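As they're listed, the protein sequences go chains Y and U.
Just so we're aligned: the first sequence equals residues 238 to 409 in the working numbering.
Just so we're aligned: the second sequence equals residues 238 to 409 in the working numbering.
Report on the following structure.
There are 2 protein chains.
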Amino acid sequence: MRVMGVDPGLTRCGVGIVEGSPGVKGTMVAVGVIRTDPNTELATRLFELDAGLRDFLERHQPEAVAVERVFSQHNVASVIGTAQASGIAMLAGAKAGLPVATYTPSEAKAAVCGNGSADKRQVTAMITRILGLTDPPKPADAADALVIAITHLWRGSLQNKLRLATQKGAWR
Amino acid sequence: MRVMGVDPGLTRCGVGIVEGSPGVKGTMVAVGVIRTDPNTELATRLFELDAGLRDFLERHQPEAVAVERVFSQHNVASVIGTAQASGIAMLAGAKAGLPVATYTPSEAKAAVCGNGSADKRQVTAMITRILGLTDPPKPADAADALVIAITHLWRGSLQNKLRLATQKGAWR
């Protein structure tokens, strides 16, 4: 299964495409950062972000999109731009007809490190190992997007299985 | 000039189309609320909101889009959904090739009432009079979208003129 992970942001939006399946190491297909200029009008920035995301979708044809969830603990001023970017990413996935999942940073850290409060160095070391890379993913900003993609491959699939099992009554 | 005003929201997004020009009363072309179900997945809600906004754009062919600016004084939990909806509205305008402006609620109140802290009743009474309606606009939720459209017609055009005049050196 091929997943596009997105670490949403207006100035820098991380995107990572990973191919893999639950419990096995994944393969990095592509990684990058979509940048928009803070001095440009907001509508133009959203348009450029959308174009950049659609380019990744068209070139790499993922089967699902996973976006880091924006959460309310953040600084309120910065949360608005991050929320707008996450909305654009989710819409791009939905318009491509793909399932779209969201994960909090701690869910993502727990998925790759087994510890929801792992620090950035631990997370980068783990994603480098999981994807069998010789060096940490570059640009560093995009590492989080790869982590979100792996989270979906590992956790999302597990959740789907649990949901299916529950629906089938296997838990009763 | 025809303007689409948007009062962004995920559960209820007000949309109002107004035709007019600076300083003269406007005409209401259309008004409505795009609703999405809070129990539906977020990506699906954003998709439905985008489809609803595009439907207004295609049916009424405005020449500009004006969106109420999401601001940080709001409750942080609700601001995320409002910010996502505003991002979708700005993107829809930009993708239609239209200029997109944003106004704060107090800029909008000042534009229609001459007082940035006017209350909801005053604003509704003024927009009803400005648009020459016999009754307040319905649904009530959408009145704010009409106010944002009028704000753009009156204030945005004035700002454009000031900018042009300044560029031409008329103020030196």
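By construction, the Cβ of each residue, glycine as well, lies at the ideal position given by its N, Cα and C atoms.
Fair warning: this is a prediction, and the values are worked out from it, not measured in the lab.
Exercise. Looking at the unbroken alpha helix (DSSP H) that takes in V360/U, where does it start and where does it end?
Worked result: If you number the second sequence from 1, residue 360/U lands on position 123. V360/U -> alpha helix (DSSP H) spans 357-367.
Exercise. Got a sec, what are the start and stop residues for the beta strand (DSSP E) E305/U sits in?
Worked result: Counting from one through the second sequence, the residue named residue 305/U turns up at place 68. It spans 301-305 - the beta strand (DSSP E) in which E305/U sits, taken as one unbroken run.
For this session: Spatial neighbours of A338/Y within its chain, please: CB distance less than 8 angstroms, with the 5 preceding and 5 following residues excluded, ordered by chain position.
Result: Start at 1 with the first residue of the first sequence, and residue 338/Y comes out as number 101. Hits under 8 angstroms: A301, V302, A303, V304, H389, G393.
Exercise. Out of curiosity, what's the CA-to-CA distance linking V240/U and K346/U?
Worked result: Counting from one through the second sequence, the residue named residue 240/U turns up at place 3. Counting from one through the second sequence, the residue named residue 346/U turns up at place 109. Cα to Cα, the separation comes out at about 17 angstroms.
Exercise. Hey, which unbroken runs of the beta strand (DSSP E) at 3 residues or more fall wholly within the segment 324-349 of chain Y?
Worked result: 337-340
Exercise. F308/U to A314/Y, Cα distance in whole Å?
Worked result: Taking the first residue of the second sequence as position 1, residue 308/U is located at position 71. Taking the first residue of the first sequence as position 1, residue 314/Y is located at position 77. Rounded to the nearest angstrom, the two C-alpha atoms are 8 angstroms apart.
Exercise. Got a sec? Which residues, its chain only, sit under 7 angstroms from R249/U by beta carbon, not counting five neighbours each side?
Worked result: On the second sequence, position 12 is the one that residue 249/U refers to. Only V270, R272, D378 meet the Cβ criterion.
For this session: Please confirm if G324/Y has its CB atom under 7 angstroms from at least one CB of chain U.
Result: Translated into positions along the first sequence, residue 324/Y becomes position 87. Yes, contact with chain U.
For this session: Taking only the alpha-carbon atoms, compute the straight-line gap between G257/Y and A362/Y and give it to the nearest angstrom.
Result: Counting from 1 along the first sequence, the entry for residue 257/Y is found at position 20. Counting from 1 along the first sequence, the entry for residue 362/Y is found at position 125. G257/Y and A362/Y have their C-alpha atoms some 18 angstroms from each other.
Problem set entry | Inter-residue spacing [alpha-carbon to alpha-carbon] between D274/Y and G246/Y | Mapped onto the first sequence, residue 274/Y falls at position 37. Mapped onto the first sequence, residue 246/Y falls at position 9. About 12 angstroms.
For this session: Taking the CB atoms as reference points, tell me whether V349/U and I385/U lie closer together than 7 angstroms.
Result: Here residue 349/U refers to the residue found at position 112 of the second sequence. Here residue 385/U refers to the residue found at position 148 of the second sequence. Not closer than 7 angstroms, so no.
For this session: Could you tell me whether the Cβ of A320/U comes closer than 7 angstroms to any Cβ of chain Y?
Result: Residue mapping note: residue 320/U aligns to position 83 of the second sequence, counting from 1. Answer yes: the Cβ-Cβ gap between A320/U and chain Y drops below 7 angstroms somewhere.
For this session: Pick out whichever of R282/Y, S323/Y, L283/Y has its Cα sitting closest to the Cα of G242/Y.
Result: Residue 242/Y sits at position 5 when you count from the first residue of the first sequence. Nearest option by C-alpha distance: S323/Y.
For this session: With a threshold of 16 other CB atoms inside 10 Å of the CB of V261/Y, please say whether the residue is buried or exposed.
Result: In the first sequence, residue 261/Y corresponds to position 24, counting from 1. Exposed, by the Cβ-count rule.
Exercise. For M265/Y, which of L283/Y, M238/Y, F284/Y has the nearest alpha-carbon?
Worked result: Taking the first residue of the first sequence as 1, we reach residue 265/Y at position 28. Ranked by how close their Cα comes to the Cα of M265/Y, the residues L283/Y, M238/Y, F284/Y have M238/Y in first place.
For this session: Would you mind telling me which residues of chain U sit closer than 7 angstroms to A331/Y, beta carbon to beta carbon, in chain order?
Result: For this step, residue 331/Y is matched to residue 94 along the first sequence. Here the neighbours are A280, T281, L283, F284.
For this session: Check whether the Cβ of E278/Y lies closer than 6 angstroms to any heavy atom of the ligand FMN, and answer yes or no.
Result: This structure lacks the ligand FMN; in fact it carries no ligand of any kind.
Problem set entry | Contacting positions in the segment 287-299 of chain U - beta carbon closer than 9 angstroms to chain Y | D287
Exercise. Would Q298/Y be called buried (16 or more neighbouring beta carbons within 10 Å of its own) or exposed?
Worked result: As a first step, residue 298/Y must be located in the first sequence, where it is residue number 61. That one is exposed.
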